[in-house]
Amino acid sequence: MATSRPYTLILGVIGADVHVIGITILAHALREAGFNVVNLGIMVSQEEFIAAAIEVDADALLVSSLYGHGEIDAEGLRDHCREAGIGDILMYLGGNLVVGKHDFKEVESKFRDMGFDRVFPPGTLPDDVLAWLNSDLASRAARVEETP
Amino acid sequence: MATSRPYTLILGVIGADVHVIGITILAHALREAGFNVVNLGIMVSQEEFIAAAIEVDADALLVSSLYGHGEIDAEGLRDHCREAGIGDILMYLGGNLVVGKHDFKEVESKFRDMGFDRVFPPGTLPDDVLAWLNSDLASRAARVEETP
Amino acid sequence: MEPGVWNRRLSEDVFAAQRTEVLAQWPTGASIDLDEAVDRHHAMPPSKNVSRAVASALGEGRTLIQPRGGVATVDGQIELLRGLQEAGADLLPTTLDSYTRNCRFTEAQEGLRASLEQGRSLLNGFPVVNHGVDGCRRVVDSVELPLVGRPGAPDARLAAEVALAAGYSDFEGGPLDYFFAYTKDTRPEHVIAWWQYIYRLAGYYESCGVPIHQEQYGSITGTLVPPSLALAVVTVEAIMAAEQGVRHVGLGYGQEGCLVQDVAALRVYPQVARRYLDRLGYAHVRLGTVMNQWMGAFPSDEAAAMGVIGWGAVTAAFGHATEVITKSPHEAEGIPTIKANAEGIRCTRQLLNMLRHQAFPDSELLAQEMEIIDREASAVLDRILDFGDGDVAAGVVRAIDAGVLEIPFSPSKHNRGRILPARDAMGAVRLLDFGNLPFPDDVKEFHRSRILCRGARDGKAADYHMVIEDVYAISHGHL
Amino acid sequence: MEPGVWNRRLSEDVFAAQRTEVLAQWPTGASIDLDEAVDRHHAMPPSKNVSRAVASALGEGRTLIQPRGGVATVDGQIELLRGLQEAGADLLPTTLDSYTRNCRFTEAQEGLRASLEQGRSLLNGFPVVNHGVDGCRRVVDSVELPLVGRPGAPDARLAAEVALAAGYSDFEGGPLDYFFAYTKDTRPEHVIAWWQYIYRLAGYYESCGVPIHQEQYGSITGTLVPPSLALAVVTVEAIMAAEQGVRHVGLGYGQEGCLVQDVAALRVYPQVARRYLDRLGYAHVRLGTVMNQWMGAFPSDEAAAMGVIGWGAVTAAFGHATEVITKSPHEAEGIPTIKANAEGIRCTRQLLNMLRHQAFPDSELLAQEMEIIDREASAVLDRILDFGDGDVAAGVVRAIDAGVLEIPFSPSKHNRGRILPARDAMGAVRLLDFGNLPFPDDVKEFHRSRILCRGARDGKAADYHMVIEDVYAISHGHL
Ligand code: B12
Ligand code: B12
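Chains as they are written, first to last, in my numbering: chain Y, 1 to 148; chain L, 1001 to 1148; chain X, 2001 to 2479; chain V, 3001 to 3479.
In structure tokens:
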């Protein structure tokens, strides 16, 4: 469940990617679940993601990539976040992340290595995303409370 | 082309197999091409094949097996031919010879080892059969003429 | 001529006497106890009964999926059926091997032994009789779904005894189907008598409150069978089954490939069968339809085969079939692996669901095809009833001998073998030669003119070569 | 408001001036010589021209198969296209990568470099511009079939220059399609102007005796697009193309999944487009239809995906589409391998052939759907013409701003985004909310009542959740 102060999420499709359906539905579901969602839409650059996150003091970055250029487009995003002073932000990635049909395990570890906290396969439903977000954000909140 | 004295062929489906379409069409095509065809139909035992071949002094035995029990049903046919004094008869086998989908190379060598001169895969068309029969019977005829 | 068989319920005595003989055919027969078997059925969850599954499908207008499948060993069969269950089947099959189908139990035993030894199935099906009730019950207990025994045999009495006692609640088939498709010398009256026994057995379970569904085959030789003749076949079988106490019939049909004709057939099937059953006093018998996906030669390319399978799903959906029996992408080559079999199920499921609420709209063309099939089947059925003085069993034997009912490509020597089927310009199966079929003249003219149109279009004569072309057509990628 | 664009043929001077700019976008542009390109087309065998292939398909009533496909390297593209050719395609595709689609040639170059280095394609298409005319000609020369460039881009002018000069004879797409589907901030008038350039270029080849086929997209966002809106889009595009000298148009349509609606759309498409083209003075333009197999979310199971592909083939066949663009069983997961792509082709081919002479019979239901689509599209088109005082280009820009034409799920901020599509009880795409669409009242009532029926059946409210359910439907195995 979202807490009293709603968490703020940045949502967008990275690169030159126009696949808007997935994030449209995700944004709708996340809002319904009580999150504060900033939906940047399609064709979002790394800079735009980071600027938006800073501007609204976001709790998480939800990056979507469907069209196969995820490898190129998402490269270095974690570093750029660090450089911008939000190196710790919770970062999810989802969609059809590479070109072609591949074993998801490999895809996942590739993007985990790039600094994403969670990587979601094609076909992921909003409920799964919600469940992970709630648990990850809650455990982060707990961690913050423990170390005052 | 069939020669002046038409060759006589025995055709039948071995074992407990009822698949009649293939041999019906084959028989028709072989007759049209000038062969003398004795079509024993479905569910023919090894004994019936051999008895028919002896009775009409056949030039070749064309054994069909579609239903998958070819391995069991055709086992020992060459030996039984030998025992009956027609050990040299040209022997073809065709159809869906074993249970399941297999690499045809393996199937072919299994049945070649069992004494079949040629083994035909599923989907074989009458024209292919005709072409092989003509060439095999012609070269056998030539061999006979050479060794008077 | 004395037909040697009548459409009359076997008396308890006659049935009991025959049972003793049947159970003695193989050692596993000895242990079959009907009372115990009935108890077992009553103890099974209702969700494992075919007839109940069919009832709810009929109620909801759904189409149930049943694949085919049988391997030599019990463990293999369990693995297979669990795989098919997981793939989304609604009903599970057990196809019998061809030795069992011919009561050649010794050879089946040898095939089973060799299969166990070599660790692969050398049999093209599951030898129910050799495994006996115990082996079959292991299979039944290992899955969640209702089970159908699929014999495809002229004499499957012992197999039926074993399967039904083990908890199967459908034992597919019928005497005319398997006379025409699976015999060479056997007289039809014998096959009828054997199946009357099986129907009587099913009827016995019914009378004890165990619903048994009687799926029919109806696809017969799987190759260019005119729909009306298949309909005549299954109607006669349904009547004979009903007389022996069967109450739930799945009218079998084999897809021909021309959608309008197939949908017409699937719609007209229950209408015609209903009419004759009602007329002859079997109004209580419930009817559904069972469509077999294309039964003739398949393309060997697996992607093309998936296209044919999908087309079968579409036809079943638009024809509102109660069940569809699926094929696999391995069809042209050999008995499918579990994976290939599952692919056929999943492709079919996707399409059934997508078409669930779509209609194949009513049209003049469809109405015309329905009328033709109805009139042809009725002509044959009326003649059969005439021939038997109202007794379909006697009548159909005489009709077969007279060539009033015959099936293309039947291997039986008692089949007349004069009719010649060919496709018309839209791919519908018509007849070039009618033999002694009692079709009305205008209907014959309709067939001829339709085939001529096609011949004209293709610039080909309407003769035996056209028939051969049509046998290969789908496997060569067209219709 | 000044629309900033008119439906007027670009003068030679304007075209030439723009050309200089376009060719300067990337070094490979410099070498393009239109005269030499025209000669090359004349020297190519006629069998490699899309427009000629389409002409004979139209003549014979056949449906041509075109897959999609593009990889980073020239060698890879050649291997891919040869594979698709062998699988039985009639026309060969070259899908552009998404950097090229956005004129981000530097990034495309980087993707190409990385692809060469890693020995696998990191690009989701073929970067035509980076390969230039020489690279593309190697592709053209390596295959036997006609080639179609598939940009999917708001500004593909340089890509079009390269592709057509290399010997491609179709450069798919159109400004409204790619405004609605592929832009976020860009104004429609800019996309129209860019595509007027491409049409003008195609028209130039035409004027030199080189027939160029203009395939349209028409599937737009691929997700619950009402057929009438797609028809309005492609009709406006066809008019704009015709004005620039295009003479051969393939009207694009994306399968929705409901057969009656899809067949109705495919039949009504050329009728409506013809009417408007004729009225506006473009009677000489030849029309065909191009059906894209289901463009929305696919099931990830490959067997189920083959079912969806088969359904697309059936729809194309019954809709008498001139071309069908195929999908592959890998669709839900990623760009397909050659093998998977070939499977889509072969499944489609089998069904097209089997359905070649079958009819989807005329029926009231079909006639009704046709009438609805015709009336809706005409209402939108008439309003567009009103808005532009007879000029479709000016009119459509105003219509978009006014929400008189909008597309569901368009990512463009200039798209109104008020209409809400949902399926009715038979799966036809209807509208829940009409925004400012100028549909007649009785038609709106028809939509509402149809969706209500479905809601009642499923016990669900007709709201946004229904829309979401419908987005997932086919990928989750139903409609
Ligand atoms: C039609 C058909 C039937 C019909 C047969 C009707 C009839 N009266 O003939 C029916 C429905 C009755 C039937 C029953 C069965 N069938 Co069946 N049947 C087929 C099917 C679909 C087509 C066969 C056909 O008619 N082909 C058209 C003809 C023209 O081609 P053909 O028979 O292959 O013959 C040609 C060539 O093979 C070659 N040829 C054939 N024999 C010979 C011999 C020689 C010497 C030469 C040179 C060439 C040659 O030339 C012929 C002319 O072109 C095939 C699968 C397929 N091919 O798509 C399955 C198939 C043959 N059947 C099969 C099986 C298992 C059965 C059953 C046991 C039921 C079951 N378990 O599913 C029963 C058999 C019962 C029995 N006792 O035999 C399996 C065999 C499996 C295997 N080998 O692994 C197949 C392959 C289906 C499958 N994949 O499971 N079947
Ligand atoms: C519809 C569609 C389109 C439409 C998009 C319309 C629009 N406005 O959005 C159109 C037709 C325009 C299109 C275009 C293209 N597409 Co496209 N498209 C699809 C398709 C069929 C469905 C996508 C969809 O809408 N799914 C439904 C939504 C609800 O699901 P989703 O997008 O997957 O999102 C869900 C999850 O993935 C997850 N999720 C998504 N993002 C994120 C992010 C986070 C953080 C989390 C937690 C979860 C998450 O949650 C979402 C909700 O459930 C897919 C294939 C498929 N899936 O069947 C191809 C597909 C994505 N497209 C593809 C490609 C390549 C293209 C094109 C380049 C054209 C081409 N070469 O074929 C262009 C792209 C141009 C560009 N610049 O981007 C490829 C990508 C290939 C790859 N990765 O290897 C796919 C996979 C098809 C394929 N197999 O080739 N496409």
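Every residue, glycine too, gets a C-beta built ideally from N, C-alpha and C.
Discussion item. Residues in the same chain with beta-carbon distance under 8 angstroms from Gln3109(V), minus the five sequence neighbours each way, listed in chain order, please.
Written reply: Pro3127, Asn3130
Worksheet item: For Arg2150(X), which of helix, strand or coil comes out of DSSP?
Response: strand
Worksheet entry | Distance CB(Phe1104(L))-CB(Pro1121(L)) smaller than 7 angstroms | yes
Fill in: Interface flag, Asn1039(L) vs chain X, CB-CB below 7 angstroms
Chain X contact via Cβ: absent.
Discussion item. Is Thr2223(X) a contact residue of ligand 2, with contact defined as CB to any heavy atom under 6 angstroms?
Written reply: no
Worksheet item: Would Thr1003(L) be called buried (16 or more neighbouring beta carbons within 10 Å of its own) or exposed?
Response: Bear in mind that a pLDDT of 48 at Thr1003(L), under 50, signals an unreliable position, so the number given afterwards is only what the model happens to contain. The residue in question, Thr1003(L), is exposed, as its Cβ has fewer than 16 Cβ neighbours within 10 Å.
Worksheet item: What residues of chain V sit near His2357(X), judged by a beta carbon separation below 7 angstroms?
Response: Going along chain V in sequence order, the residues near His2357(X) (Cβ under 7 angstroms) are Ala3425, Met3426, Gly3427.
Discussion item. In the DSSP assignment, the alpha helix (DSSP H) including Phe2171(X) goes from what residue to what residue?
Written reply: That residue, Phe2171(X), is in no alpha helix (DSSP H); it is neither H nor E in DSSP.
Worksheet item: Quick check: the segment 3451 to 3466 of chain V against the segment 3399 to 3415 of chain V, are there 3 or more CB pairs under 8 angstroms?
Response: Contact check between the segment 3451 to 3466 of chain V and the segment 3399 to 3415 of chain V: fewer than three CB pairs, one atom from each, fall below 8 angstroms, which does not count as touching.
Worksheet item: Is Cys2208(X) close to chain V, meaning its C-beta is less than 7 angstroms from at least one C-beta of that chain?
Response: no
Worksheet entry | Assigned secondary structure, Ala1002(L) (DSSP; H/G/I helix, E/B strand, else coil) | With a pLDDT of 43 at Ala1002(L), under the threshold of 50, the modelled position of that residue is not reliable, and no figure is offered here.
Discussion item. When you compare the CB of Pro2411(X) with every CB in chain L, is at least one pair closer than 7 angstroms?
Written reply: yes
Fill in: N-terminal and C-terminal residue of the alpha helix (DSSP H) that Ala60(Y) is part of
Note, Ala60(Y): premise wrong, no alpha helix (DSSP H); beta strand (DSSP E) at 60 to 65.
Worksheet item: Which residue's Cα is closest to the Cα of Ala2043(X): Arg2418(X), Val2140(X), Asp2458(X), Ala2159(X)?
Response: Val2140(X)
Worksheet entry | Touch test, the segment 3305 to 3312 of chain V against the segment 3060 to 3077 of chain V, Cβ-Cβ under 8 angstroms, three pairs minimum | Touching, no.
Worksheet item: Thr3183(V): beta carbon under 6 angstroms from a heavy atom of ligand 2?
Response: no
Fill in: Residue-level contact to chain X via CB, Thr1003(L), 7 angstroms cutoff
Only weak support exists for where Thr1003(L) lies, its pLDDT of 48 falling under 50; the coordinates are left without a value.
Item to complete: Would you kindly work out how many angstroms separate the C-alpha atoms of Gly1115(L) and Glu106(Y), rounded to a whole number?
Response: 51 angstroms
Discussion item. Output needed for Arg3052(V): all residues of its chain with C-beta closer than 7 angstroms, excluding positions within five of it in sequence on either side, in chain order.
Written reply: Pro3046, Pro3211
Worksheet entry | Chain-ordered neighbours of Glu2333(X) on chain L, where CB pairs are closer than 7 angstroms | Asn1096, Lys1101, Pro1122
Discussion item. Which runs of the beta strand (DSSP E) at least 3 residues long sit entirely within the segment 3221 to 3294 of chain V? Give them in chain order.
Written reply: 3248 to 3254, 3286 to 3292
Worksheet item: Nearest CA to the CA of Val98(Y): which residue from Thr124(Y), Ser65(Y), Ile42(Y), Glu83(Y)?
Response: Ser65(Y)
Discussion item. By the DSSP assignment, the beta strand (DSSP E) with Pro2421(X) in it spans what residues?
Written reply: 2420 to 2423
Practice prompt. Run the CB neighbour count on Gln3118(V), radius 10 Å, all protein chains shown included, and call it buried at 16 or more, exposed below.
Written response: Exposed: under 16 other Cβ atoms inside 10 Å.
Worksheet item: Is any heavy atom of ligand 1 found at a distance shorter than 6 angstroms from the C-beta of Asn2124(X)?
Response: Yes.
Discussion item. Considering only DSSP beta bridges, list what Gln2025(X) is partnered with.
Written reply: The partner list for Gln2025(X) (beta bridge, DSSP) is empty, contrary to what the question assumes.
Fill in: Exposure label - His2284(X); buried when at least 16 CB within 10 Å
exposed
Worksheet entry | Own chain residues within Cβ distance below 8 angstroms of Ile3474(V), not counting five before or after | Gly3257, Trp3294, Gly3296, Ala3297, Phe3298, Pro3299, Val3308
Worksheet item: Between which two residues does the alpha helix (DSSP H) containing Asp2185(X) stretch?
Response: Run containing Asp2185(X): none; DSSP gives neither H nor E here.
Practice prompt. Would you grab the beta carbon distance between Val2290(X) and Ile2325(X) for me? Rounded to a whole angstrom, and I think it's under 8 angstroms.
Written response: 7 angstroms
Item to complete: Go to Asp2386(X), then tell me how far its alpha helix (DSSP H) extends in each direction, as first and last residue.
Response: 2364 to 2387
Item to complete: Name, please, each residue of chain Y whose Cβ falls closer than 9 angstroms to the Cβ of Leu3432(V).
Response: Those do not exist, as Leu3432(V) stays about 15 angstroms from chain Y at its closest Cβ, beyond 9 angstroms.
Worksheet entry | Pick from Asn1036(L), Ile1072(L), Val1063(L) that is closest to Val1056(L), judged by C-alpha positions | Asn1036(L)
Discussion item. For a quick check, are the C-beta atoms of Pro2270(X) and Leu2259(X) less than 7 angstroms apart?
Written reply: no
Item to complete: May I ask you to check if the CB of Ile62(Y) is nearer than 6 angstroms to at least one heavy atom of ligand 2?
Response: The displayed chain sequence assigns Leu, not Ile, to residue 62(Y). Flag set: Cβ of Leu62(Y) near ligand 2.
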